[in-house]
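Everything on this sheet refers to the single structure shown next.
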Amino acid sequence: MSKPAATEAVHLPPAEIRRLQTRLLAWYRQHHRQLPWRESRDFYPVWVSEVMLQQTQVQTVVPYFLRFMKAFPTLEDLAGADPQDLLRNWAGLGYYSRARNLQKAARIVLREQGGEFPRSHREALRLPGVGPYTAAAILSIAFDQPLLALDGNVVRVLSRLFRLEGDPARSPVQEMLAAAGRQLLPAHRPGDFNQALMELGATVCLPRNPRCLLCPWSSHCEALKAGVQERLPEKGKRPDTHLSRQAAAVIRHRGRFLIRRRSDSRLLQDMWEFPGGEFSRSDLAGSLVKYLESELRLNVRLRDRLTVVKHAVTNRRITLTVYEARLNPPLPPTLSIPGARWIWLSQAGRYPLTAAASRIVQALTAEHLHRRGRPESGRRQVGLAAPLKP
DNA sequence: AATGCGGGGTG
DNA sequence: CACCCAGCATT
Numbered sequence: 060m061s062k063p064a065a066t067e068a069v070h071l072p073p074a075e076i077r078r079l080q081t082r083l084l085a086w087y088r089q090h091h092r093q094l095p096w097r098e099s100r101d102f103y104p105v106w107v108s109e110v111m112l113q114q115t116q117v118q119t120v121v122p123y124f125l126r127f128m129k130a131f132p133t134l135e136d137l138a139g140a141d142p143q144d145l146l147r148n149w150a151g152l153g154y155y156s157r158a159r160n161l162q163k164a165a166r167i168v169l170r171e172q173g174g175e176f177p178r179s180h181r182e183a184l185r186l187p188g189v190g191p192y193t194a195a196a197i198l199s200i201a202f203d204q205p206l207l208a209l210d211g212n213v214v215r216v217l218s219r220l221f222r223l224e225g226d227p228a229r230s231p232v233q234e235m236l237a238a239a240g241r242q243l244l245p246a247h248r249p250g251d252f253n254q255a256l257m258e259l260g261a262t263v264c265l266p267r268n269p270r271c272l273l274c275p276w277s278s279h280c281e282a283l284k285a286g287v288q289e290r291l292p293e294k295g296k297r298p299d300t301h302l303s304r305q306a307a308a309v310i311r312h313r314g315r316f317l318i319r320r321r322s323d324s325r326l327l328q329d330m331w332e333f334p335g336g337e338f339s340r341s342d343l344a345g346s347l348v349k350y351l352e353s354e355l356r357l358n359v360r361l362r363d364r365l366t367v368v369k370h371a372v373t374n375r376r377i378t379l380t381v382y383e384a385r386l387n388p389p390l391p392p393t394l395s396i397p398g399a400r401w402i403w404l405s406q407a408g409r410y411p412l413t414a415a416a417s418r419i420v421q422a423l424t425a426e427h428l429h430r431r432g433r434p435e436s437g438r439r440q441v442g443l444a445a446p447l448k449p
């Protein structure tokens, strides 16, 4: 059985290119999703959406995008925004340096480019948070520039269409994919073609169980012909995940709770959380008490275990045990702690909380309602800190 | 080229 | 569980 050599460039005759373009674009016109950032071709909303969509699924981004555009409707609003307010609007979406870089870049565009987005790929790449993919996406969608937006979806679609083997993270395969994709890209509305390619990858040419019966390119797909569509693209090796045991304290004092801002931390910088940490000792509760004493100079006694939050951060799988705590007498002369605040539950929504902290607030809110004699009603979300979901 | 960076959706 | 997601910055 013959297959294309990994080093052999894909070459397409013009008639084939036209057939592929026509079929994909016809499919896209029929089946594309209505998404809020497709209502305008102004670079600002396109830019915001593309940054939010970095490593984040469409479905997740939609409500964040709507809220963000309401909070910061223009480039000027974003450039002038209070950083904590910005972070608060990003909280829960992850990869928070995206938000910081977006604001930095907005200020550069506003101050140094007179409010005009760069019109070349090379210039766009100078903006923090704008890489090869994002630059191509914005310039093709907002400015009709014929640049291929090579994202994870497009890698998958093209790997299968041309049956390109080898790890697409590596440079030779990457180059072949890009070269093949550029041949397909039409001069007219390249942004629509890019979006069609990504839409196909997101809704039809799925990582597992691709819906080849619905695919406008099924009769052209080399991987399908060979029956290897599920095996492509090849995946490189992944870093092993490791476990992390963490504990946090919900310290109640006169109806309020202590939250702390993460400073000097690469991870979740400037986000707020309930104080705690990662502990290796088997005595999780004891470790937490000692930690609070040495780190915050707070002498507490632990009460109930409130909840256990399981979540994953990059390659760590975290089990976070949450304890309720009270201060032991005698109280210190001042409860003021640098970088921390005592807040009411109802004020939680004013802070950019980590996802784990949000889950804890949710649990506290449910418990609070329960204590006031209103039984929990399903998954009802209450209060400002309710997670952002459609 | 390899690693770190969040969090959630999905089979 | 593992894998993936409209990637980028840093080393």
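Numbering (our numbering) for the first sequence: 60 to 449.
Each residue gets a CB set at the ideal place from its N, CA and C atoms; glycine is no exception.
Just so we're clear, the structure is a prediction, and the values are computed from it rather than from any experiment.
Item to check | Nearest-angstrom beta carbon gap, G286 and R215 [assumed within contact, 8 Å] | outcome: Sequence index remark: in the first sequence, residue 215 carries index 156 (1-based). Sequence index remark: in the first sequence, residue 286 carries index 227 (1-based). Approximately 17 Å separates the beta-carbon atoms of R215 and G286; this is outside 8 Å, ruling out the contact.
Item to check | Residue from V189, F176, R385 with nearest C-alpha to R159 | outcome: Your numbering for residue 159 matches position 100 in the first sequence. Comparing Cα-Cα distances from R159 to each of V189, F176, R385, the minimum goes to V189.
Checklist entry - Taking the C-alpha atoms as reference points, what is the distance between L428 and L404? => result Taking the first residue of the first sequence as 1, we reach residue 428 at position 369. Taking the first residue of the first sequence as 1, we reach residue 404 at position 345. Separation of L428 and L404 (C-alpha to C-alpha, rounded to the nearest whole angstrom) is 12 Å.
Item to check | For G408 and A306, the rounded distance between their alpha carbons | outcome: Taking the first residue of the first sequence as position 1, residue 306 is located at position 247. Taking the first residue of the first sequence as position 1, residue 408 is located at position 349. In this structure, the alpha-carbon of A306 lies about 22 Å from that of G408.
Checklist entry - What is the residue span of the beta strand (DSSP E) that V381 lies within? => result As a first step, residue 381 is located in the first sequence; it is residue number 322 there, counting from the start. V381 -> beta strand (DSSP E) spans 375-386.
Item to check | Distance, E352 Cα to D141 Cα | outcome: As a position in the first sequence, residue 141 is number 82, starting the count at 1. As a position in the first sequence, residue 352 is number 293, starting the count at 1. Rounded to the nearest angstrom, the two C-alpha atoms are 33 Å apart.
Checklist entry - Less than 8 Å separating the beta-carbons of E332 and A416? => result To locate residue 332, count along the first sequence from 1; it is residue 273. To locate residue 416, count along the first sequence from 1; it is residue 357. It is a contact, given that the beta carbons lie within the stated cut-off.
Item to check | Close Cβ partners of G250 (< 6 Å) along its chain, the five nearest in sequence each way excluded | outcome: The residue you call residue 250 lines up with position 191 of the first sequence. Taken in chain order, the residues that qualify are S199, I200.
Checklist entry - With a Cβ-Cβ cutoff of 8 Å, do Q114 and Y154 count as a contact? => result Counting from one through the first sequence, the residue named residue 114 turns up at place 55. Counting from one through the first sequence, the residue named residue 154 turns up at place 95. Taking the C-beta atoms as reference points, Y154 is found nearer than 8 Å to Q114.
Checklist entry - DSSP puts L146 in a beta bridge; with which residues? => result Your numbering for residue 146 matches position 87 in the first sequence. Answer is none; L146 lacks a bridge partner.
Item to check | Local conformation of L357 per DSSP, three classes | outcome: For the purposes of this step, residue 357 is identified with residue 298 of the first sequence, where counting begins at 1. Here L357 sits in coil by DSSP.
Item to check | Beta-carbon proximity of V120 to M111, cut-off 8 Å | outcome: Within the first sequence, residue 120 is the residue found at index 61, counting from 1. Within the first sequence, residue 111 is the residue found at index 52, counting from 1. Result yes, Cβ atoms of V120 and M111 sit closer than 8 Å.
Checklist entry - Applying the criterion that 16 or more other CB atoms from any shown protein chain within 10 Å of the CB defines a buried residue, is E354 buried or exposed? => result Reading the first sequence from its first residue, position 295 is the one you call residue 354. Its Cβ having fewer than 16 others within 10 Å, E354 is exposed.
Checklist entry - Among C280, P266, L283, W401, which one has its Cα closest to the Cα of G314? => result As a first step, residue 314 must be located in the first sequence, where it is residue number 255. Comparing Cα positions, the closest option is W401.
Item to check | Host beta strand (DSSP E) of G335 (start-end) | outcome: Looking up residue 335 in the first sequence gives position 276. Element bounds for G335: 335-337.
Checklist entry - Along the chain, which unbroken stretches of the alpha helix (DSSP H) at least 4 residues long are found entirely within the stretch 158-220? => result The qualifying runs are 180-183, 191-202, 211-220.
Checklist entry - Which one of R185, L423, S395 has the shortest CA to CA distance from E383? => result Residue mapping note: residue 383 aligns to position 324 of the first sequence, counting from 1. For E383, the closest alpha carbon among the candidates R185, L423, S395 is that of L423.
Checklist entry - Beta-carbon separation of R319 and D329 under 8 Å? => result On the first sequence, position 260 is the one that residue 319 refers to. On the first sequence, position 270 is the one that residue 329 refers to. No; because the gap between Cβ atoms is not below 8 Å, this pair is not in contact.
Next on the checklist: Between the alpha carbons of E258 and R356, how many angstroms are there, rounded?
Outcome noted: As a first step, residue 258 must be located in the first sequence, where it is residue number 199. As a first step, residue 356 must be located in the first sequence, where it is residue number 297. Computed Cα separation, rounded: 53 Å.
Item to check | Start-to-end residues for the alpha helix (DSSP H) that takes in M108 | outcome: Position 49 of the first sequence, counted from the start, is the residue given in the question as residue 108. First, the amino acid is wrong: residue 108 is Ser here, not Met. It spans 102-111 - the alpha helix (DSSP H) in which S108 sits, taken as one unbroken run.
Item to check | Straight-line Cα distance separating Y410 from L327 | outcome: Locating residue 327 in the first sequence gives position 268, counting from the first residue. Locating residue 410 in the first sequence gives position 351, counting from the first residue. Going by the C-alpha atoms only, they are around 13 Å apart.
Next on the checklist: Does D299 come out as helix, strand or coil in the three-state DSSP assignment?
Outcome noted: Residue numbering aside, residue 299 sits at position 240 when the first sequence is read from its first letter. Per DSSP, reduced to three states, the secondary structure at D299 is coil, with no helix or strand assignment.
Checklist entry - Just reading off the beta strand (DSSP E) that W401 is part of, what are its end residues? => result In the first sequence, the residue the question calls residue 401 occupies position 342. Run containing W401: 399-402, per the beta strand (DSSP E) assignment.
Checklist entry - Enumerated in chain order, which unbroken segments of the alpha helix (DSSP H) with a length of 4 residues or greater are wholly contained in the stretch 108-141? => result Entirely contained in the stretch 108-141, the alpha helix (DSSP H) runs reaching 4 residues are, in chain order, 117-130, 134-138.
Next on the checklist: Tell me which residue opens and which closes the alpha helix (DSSP H) that I44 is part of.
Outcome noted: Outside the shown range of the chain, which is 60 to 449, sits residue 44, and nothing can be said about it.
Checklist entry - Residue range of the alpha helix (DSSP H) that I452 falls in? => result Any property of residue 452 remains undetermined from this structure, which presents the chain solely from 60 to 449.
Item to check | Nonlocal neighbours in the same chain, by C-beta distance under 7 Å from C264, ignoring five residues either side | outcome: In the first sequence, counting from the first residue as 1, residue 264 sits at position 205. Cβ within range, chain order: R215, V216, R219, C274.
Checklist entry - Are three or more beta carbon pairs between the stretch 163-178 and the stretch 124-135 nearer than 8 Å? => result When C-beta atoms of the stretch 163-178 are compared with those of the stretch 124-135, three or more pairs fall below 8 Å, so the two segments count as touching.
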